[in-house]
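> Numbering-wise, numbering that gives the first Met the number 0 puts 116 at position 117 of the first sequence, and it's gapless, one number per residue.
For every residue, glycine included, the Cβ atom is placed at its ideal position computed from N, Cα and C.
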Amino acid sequence: MESNSESSSARSNFITDLIAEDLESNRFDQRVQTRFPPEPNGFLHVGHAKAICINSSISRDHSGVFNLRYDDTNPVTESIEFTTAILDDLQWLLGEELETAPLHTSDYFEQLYLWAEDLINKGKAYVDDQDAETISIQRGSFQESGIDSPNRERDIEENLRIFREMRAGKFSDGECVLRAKIAMDHGNMNMRDPIMYRVRHEEHFRTGKEWCIYPTYDWAHGQSDAIERVTHSLCSLEFESHRELYDWFLDQLEIRGDQRPYQTEFARLNFTYTILSKRLLKHLVEEKIVDGWDDPRMPTLRAFKKRGYPATAIRDFCEHIGMAKTNGTHEIELLESFVRNNLNQNAERRMAVLKPLKVTITNWPEGHVDIRKGVNNPEDDSAGTREIPFTGSLFIERDDFMENPEPKYYRLAPGREVRLRYGYFITCNDIVKDEEGNVNELLCTYDPETSGGKAPDGRKVKATIHWVSKEHALDGSVVEYDRLFSAEHPGKDTGDPLDDINLNSKTLLENSKFEPSIGELPLGSTIQFERLGYFHLDEEIPLHFHRTLGLRDEWANIVKRRENS
RNA sequence: UCGGGGAUGGUGUAAUUGGCAACACAACUGGUUCUGAUCCAGUCAUUGGGGGUUCAAGUCCUCCUCCCCGAACCA
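(1) Which residues in the same chain as T325 place their Cβ atom closer than 8 Å to its Cβ, once the five residues preceding and following it in sequence are excluded?
(2) What three-state label does DSSP hand S8 in the structure shown?
(3) Tell me whether K305 is buried or exposed, calling it buried when 16 or more other Cβ atoms sit within 10 Å of its Cβ.
(4) Could you tell me the distance, in whole angstroms, from the CA atom of I119 to the CA atom of D224?
(5) Just reading off the beta strand (DSSP E) that A179 is part of, what are its end residues?
(6) Hey, V467 and E514 are a contact pair by Cβ (cut 8 Å); roughly how many whole angstroms apart?
(7) Drop a sphere of 10 angstroms on the beta-carbon of F35, count the other beta-carbons inside from all chains shown, and report buried for 16 or more, exposed for fewer.
(8) To the nearest angstrom, how far is the alpha carbon of D499 from that of L483?
(9) In the DSSP assignment, find the unbroken beta strand (DSSP E) run with L536 in it and report its ends.
(10) Rounded to whole angstroms, what's the CA-CA distance from L566 to H329? Just pull it up for me.
(11) Count the other C-beta atoms from every protein chain shown that fall within 10 angstroms of the C-beta of I18, then say buried if there are 16 or more, exposed otherwise.
(12) Please report the distance separating the alpha-carbon of V477 from that of I53.
(13) Which term fits S336, buried or exposed, when burial requires 16 or more other beta carbons within 10 angstroms of its beta carbon?
(14) Indicate whether L507 and S524 have their beta-carbon atoms separated by less than 8 Å.
(15) Closest by CA to S105, which one among G494, H220, L393?
(16) Taking its Cβ as the centre, do 16 or more other Cβ atoms sit within 10 Å of Q142, making it buried, or is it exposed?
(17) Can you tell me where the alpha helix (DSSP H) holding L249 begins and where it ends?
(18) Taking contact to mean at least 3 C-beta pairs separated by less than 8 Å, is the region 119 to 134 in contact with the region 83 to 102?
(19) Can you tell which of D71, Y308, L550 has the C-alpha that lies nearest to the C-alpha of H203?
(20) With respect to the beta strand (DSSP E) encompassing D21, which residues constitute its N-terminal and C-terminal limits?
(21) S144 and M183 - do their beta-carbons sit closer together than 8 Å?
(22) Quick check: the Cα distance between D552 and G366, rounded to an integer number of angstroms?
(23) Label M165 either buried or exposed according to how many other C-beta atoms from any shown protein chain fall within 10 Å of its C-beta, with 16 as the threshold for buried.
(24) What span of residues does the alpha helix (DSSP H) with M195 cover, start to end?
As structure tokens, this is what we get:
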């Protein structure tokens with residue numbers, strides 16, 4: 000079977016088709032230039048990953064230019080902290096440093112201002128000193144056309160004079176705006192004399208107090224693209240109705256030929272069991288429903304990193320899903336399959352017991368330590384082997400023993416024989432319980448003849464389980480994560496995603512036992528604990544792991560099916 | 001009700017532009033296995049609906065239905 004991460008090359012889609020056409024017609028003199036334009040007012044999440052990958056791969060495929068541009072036109076919500084976080088996350092995702100330093104819309108404020116005067120001079124923009132509510136009412140509705148502002152026919156000289164006063168700080172916040180003069184009866188609401196500048200006496204994190212008027216998104220975006228010489232300005236579907244305005248501004252400024260960028264929209268990325276709304280994610284953090292923006296249960300890139308998702312897996316995923324103009328929701332399992340696929344190839348294996356149950360091998364020679372050899376990665380011979388001490392006193396996983404085994408359960412049970420991975424066959428003869436009747440310890444015997452993993456008499460065992468030698472075990476902790484939302488489409492029933500929050504999405508296991516070689520792993524490693532899943536060693540805390548993802552688990556499926564029927 | 005955009009399996013995307021509906025994920029069968037993992041083999045859609053053009057329609061025409069986005073001095 001073809002692996003999903005290898006099948007991802009060059010699938011065509013409407014954007015690659017468009018670029019091919021533009022190259023063919025020489026629309027941009029063979030240039031391809033893209034950009035990723037986040038507003039620095041939040042952290043990047045998987046949704047952004049798609050936009051980043053699309054834009055960067057398009058330019059890479061055509062030896063073009065790709066820039067990160069902060070769309071910092073609104074000083075009240077933006078800050079410098081976000082710019083560094085965005086850059087870090089983006090570079091982590093791309094797996095490399097950006098060739099060029101990030102750009103800023105705020106660097107174009109002067110040019111934007113000059114162009115605005117240009118539009119005023121052309122009679123295409125005017126100052127309106129009505130309040131926001133009045134302007135909104137005059138805009139009309141979907142059914143009714145709007146009505147002209149009384150200031151719409153103000154003459155050019157006066158517009159220029161007041162606009163300059165706006166810049167000079169003569170007006171307070173909200174007192175007046177600069178509007179494009181288009182048409183108040185336009186079918187597209189965005190064209191009903193949209194706002195270009197608003198007064199904001201706010202300190203901008205880069206321009207400081209230099210400006211007290213700030214351009215709106217619509218006025219800044221296309222012009223910034225043009226200044227940078229972006230060719231293909233990609234954005235998500237909800238900007239479709241803004242394209243007409245994007246084009247109108249460029250037309251009025253007479254920006255033509257290969258200087259002129261074009262906007263193309265694609266569907267944004269959504270996942271089952273996930274929310275990507277900035278507002279909701281912020282709420283989760285502020286209400287301490289999660290432990291911060293990098294909580295491994297969050298869909299942010301920093302959370303993925305902390306959880307151990309390889310950046311390459313995310314990139315492969317983005318490449319694979321391609322692009323469409325259909326708004327849909329991806330099953331989170333697809334992303335997870337890319338992560339598993341990647342980790343199956345690359346992650347070394349180790350043994351760890353997360354919920355220990357003591358096993359004493361009654362016929363083991365007193366004090367004897369047997370050094371066993373384990374394969375580090377069956378998918379990669381070059382990963383070599385390691386030594387694992389085996390003794391008569393071990394820990395096994397509690398889930399690997401059942402006093403009264405259910406049908407199809409073929410791990411350890413009274414009287415049953417299983418194989419200990421890289422060890423011996425053992426048979427459970429006795430159970431030791433505490434006063435409350437909990438199983439505390441298993442008394443087993445081993446078969447010395449099974450050292451090679453097989454019994455000379457040919458008898459078979461149905462299961463192989465993992466273990467750690469008690470006296471050699473390293474003590475540590477593991478955090479298991481489950482989906483943050485229990486519903487496939489959070490909020491579908493009640494309208495509020497928070498109603499579907501999974502309150503048991505995080506489990507801390509503080510009494511985990513690790514085989515000795517785990518102590519030598521560098522911080523930040525991602526490995527597989529055999530039979531359990533992939534785990535990411537914390538970047539700072541030794542012997543503290545985050546569960547990246549569990550392995551596919553047939554037994555869990557059997558149990559689930561049984562519960563459902 | 002106006003403007004814009006969509007509709008292919010359980011999910012997400014393909015289909016040489018009119019020529020055997022393909023790929024991945026999920027699910028299910030079976031096989032291999034010192035990980036119930038991996039791996040291998042197989043099963044799983046007559047393309048939103050009706051009509052039409054054609055030897056041939058997911059693709060062209062036509063009527064209809066449903067879904068998404070749009071009335072911040074947010075982006």
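Well, looking at it:
(1) A266
(2) Note that S8 has pLDDT 42, beneath the 50 cutoff, so the model's placement of it is unreliable and the number below is only indicative. Coil, per DSSP.
(3) buried
(4) 21 Å
(5) 176 to 179
(6) 5 Å
(7) buried
(8) 9 Å
(9) 532 to 536
(10) No information on residue 566 is available, as it lies outside the stretch 0 to 564 that the chain covers here.
(11) buried
(12) 35 Å
(13) buried
(14) no
(15) H220
(16) exposed
(17) 242 to 251
(18) no
(19) D71
(20) Careful: D21 lies outside any beta strand (DSSP E), inside the alpha helix (DSSP H) at 13 to 23.
(21) yes
(22) 36 Å
(23) buried
(24) Note, M195: premise wrong, no alpha helix (DSSP H); beta strand (DSSP E) at 194 to 198.
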